[in-house]
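Novice: My questions all concern the structure below.
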Amino acid sequence: MFDFEIKIAQTDEEIKAAQRLRYEVFYAEAGAESSSLQQGDGLDSDKFDSVSKHLIVMDKSRNMIVGTYRLLFSAVVNQIGFYSEQIFDIQNIKRIEGTLLELGRSCIHKDYRKSAVINLLWNGIAWQIKEHEVKYIFGCPRLDTIDPHEVNEAFALLRQKYYSHEEFRVYPLPKNTFSGLDESVVCTNQRHVFRSLSPLMKGYLHLGAIVCCQPAMDHEFNTVVFFMLLPTEKIAGPYKRHFFGNEAQ
6 MFDFEIKIAQ
16 TDEEIKAAQR
26 LRYEVFYAEA
36 GAESSSLQQG
46 DGLDSDKFDS
56 VSKHLIVMDK
66 SRNMIVGTYR
76 LLFSAVVNQI
86 GFYSEQIFDI
96 QNIKRIEGTL
106 LELGRSCIHK
116 DYRKSAVINL
126 LWNGIAWQIK
136 EHEVKYIFGC
146 PRLDTIDPHE
156 VNEAFALLRQ
166 KYYSHEEFRV
176 YPLPKNTFSG
186 LDESVVCTNQ
196 RHVFRSLSPL
206 MKGYLHLGAI
216 VCCQPAMDHE
226 FNTVVFFMLL
236 PTEKIAGPYK
246 RHFFGNEAQ
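Counting in my numbering, the sequence shown runs from 6 upward without gaps.
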C-alpha cells in the first residue's frame, strides 16, 4: 500500500534525489544526451535547478522520491532566463503581465506510472498556482518521434484545433528548426493522431493549453517538442474543480 506525500523539496538531499530520479528516467531509460549532465554522479542537473522549486512526491513507505516536476517562476529568471529559451524565441510570452510558471523535467519512477503520482504532481502545481497567483503556465512537452510523417500529422492536428493567436506565438531557434516540416499536411483522422500524442502532451491539451509554435528539435532528447501555454483562468472546468476545489466554482 502506497503512502504518498507531495511537497516542495527543502534540502540538498531531496533535490539530489529528484535529480537522480530524472537521471534514471531521462538517461538510463530513454538514452538522452546532455552537455549539462554531471558525468559520473548519476544526476540530471543544470543551471536552472538552483533557481527553481522542485515539486516531489514521496513514497513514505519506502522513503524514496517517485515523482518530480521542476517549477521555474518568472520572478527569478531575469538573469538566467527560462529553460525553454534554449529551444525557442519566447519574447512574446515574456511580455505577458503577471506571474508566469514554466514546468519542466517531469518524470515518474517506472514502478509508479500507473499509480496516483501524476495526479498528486498536478495537485502540487495547483497549490503553487494559488500560492503565487500564477497567470500562465507553460512547458515544452515532447512528441517522442522525429519521423517527418508523424510530426507533420501531429502538427496539422495541433494547428487545426489548438493553435494560439499571433500574440502568443513563439519560434524555434535556427539551431532547433525541424527540417522535415511540411505545413501543407492536413490531419484527416484527428482521433487517431490525438491518441498517438505523448501522455504529457495530451494532458496539457485536456487541461486547456494552446500550442504556440511549429515543431522544434530538442537535441538533448533527440525528439520534437512543442511550446504549450495554459492561462490558469481557462483551465478546463472539470480539471479546475478537481485541482482547485470549491474555489473554482
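Note that the Cβ used here is the ideal one computed from N, Cα and C, for glycine as well.
Does the distance from the C-beta atom of Val-122 to that of Val-62 stay below 8 Å?
Specialist: Closer than 8 Å, so yes.
Novice: Measuring straight from C-alpha to C-alpha, what distance separates Arg-118 and Asp-8?
Specialist: Cα to Cα, the separation comes out at about 15 Å.
Novice: Should the stretch 145-161 be regarded as contacting the stretch 221-236, the criterion being three or more beta carbon pairs within less than 8 Å?
Specialist: Touching, per the Cβ criterion.
Novice: I'd like to confirm the pairing. Which residues does DSSP put opposite Arg-75 in its beta bridges?
Specialist: DSSP output for Arg-75 lists His-59, Gly-109 as bridge partner(s).
Novice: Give me whichever residues DSSP pairs with Ala-221 in a beta bridge.
Specialist: According to DSSP, which records beta bridges pairwise, Ala-221 is partnered with Thr-182, Val-230.
Novice: Should Glu-158 go down as buried or exposed, given a rule of 16 or more other Cβ atoms within 10 Å for buried?
Specialist: That one is buried.
Novice: According to DSSP, is Lys-129 helix, strand or coil?
Specialist: The sequence given here places Gly at residue 129; Lys does not occur at that position. Three-state DSSP puts Gly-129 in a helix.
Novice: State the DSSP-derived secondary structure class of Glu-10, mapped to helix, strand or coil.
Specialist: Of the three classes helix, strand and coil, the one that applies to Glu-10 here is strand, per DSSP.
Novice: State buried or exposed for Ser-89, treating a residue as buried only when at least 16 other CB atoms are found within 10 Å of its CB.
Specialist: Looking at its Cβ environment, which holds 16 or more other Cβ atoms inside 10 Å, Ser-89 is buried.
Novice: Let me make sure I understand the geometry here. Which of Ser-55, Ser-57, Leu-105, Asp-116 has the alpha-carbon closest to that of Arg-67?
Specialist: Closest option to Arg-67, Cα to Cα, is Asp-116.
Novice: Ignore the nearest five residues each way along the sequence and tell me which others in Val-156's own chain have a CB closer than 7 Å to its CB.
Specialist: Once the five neighbours on either side are set aside, the close Cβ partners of Val-156 are Leu-148, Thr-150, Phe-183, Gly-185, Pro-220, Val-229.
Novice: Is the stretch 235-249 touching the stretch 205-217, taking contact as three or more C-beta pairs under 8 Å?
Specialist: As far as the Cβ criterion goes, the stretch 235-249 touches the stretch 205-217, which means the pair count is three or higher.
Novice: In angstroms with no decimal places, state the Cα-to-Cα distance between Arg-164 and Lys-52.
Specialist: In a straight line, the C-alpha of Arg-164 is about 33 Å away from that of Lys-52.
Novice: Identify, in the order they occur along the chain, each residue of the same chain with its Cβ nearer than 6 Å to the Cβ of Glu-10, setting aside the five sequence neighbours on each side.
Specialist: The answer, listed in chain order, is Met-63, Lys-65.
Novice: Can you check whether the CB of Ser-57 is closer than 8 Å to the CB of Leu-77?
Specialist: Yes; because the gap between Cβ atoms is below 8 Å, this pair is in contact.
Novice: Out of Ser-169, Ser-201, Gln-15, Gln-96, which one is the CA nearest neighbour of Pro-236?
Specialist: It is Ser-169.
Novice: Can you say whether Arg-100 is buried or exposed, counting buried as having 16 or more other CB atoms within 10 angstroms of its CB?
Specialist: Arg-100 is exposed by the Cβ-count criterion.
Novice: Out of Ile-142, Val-216, Lys-180, Phe-199, which has the shortest C-alpha to C-alpha gap to Asn-227?
Specialist: It is Lys-180 whose Cα lies nearest to the Cα of Asn-227.
Novice: To the nearest angstrom, how far is the alpha carbon of Cys-112 from that of Leu-202?
Specialist: If I take the Cα positions, the gap works out to 17 Å.
Novice: Flag this pair as yes or no: are the beta carbons of Leu-178 and Asp-54 separated by less than 8 Å?
Specialist: Against a cut-off of 8 Å, the Cβ pair of Asp-54 and Leu-178 comes out as no contact.
Novice: Checking the sheet assignment: what are the DSSP bridge partners for Gly-144?
Specialist: DSSP lists Met-233 as partners of Gly-144.
Novice: Tell me which same chain residues have a C-beta within less than 7 Å of the C-beta of Ile-92, skipping the five on either side of it?
Specialist: So the list reads Cys-145, Pro-177, Leu-178, Asn-181, Ala-221, Asp-223, Val-230, once near-sequence residues are dropped.
Novice: Contact defined as beta carbons within less than 8 Å: I believe Phe-143 pairs with Leu-105. What is the distance between those atoms, to the nearest angstrom?
Specialist: Confirmed, about 7 Å.
Novice: What is the DSSP secondary structure of Tyr-88, counted as helix, strand or coil?
Specialist: DSSP places Tyr-88 in helix when its eight states are reduced to three.
Novice: Based on the DSSP output, what are the partners of Tyr-176 in its beta bridges?
Specialist: Beta-bridge pairing links Tyr-176 to Asp-94.
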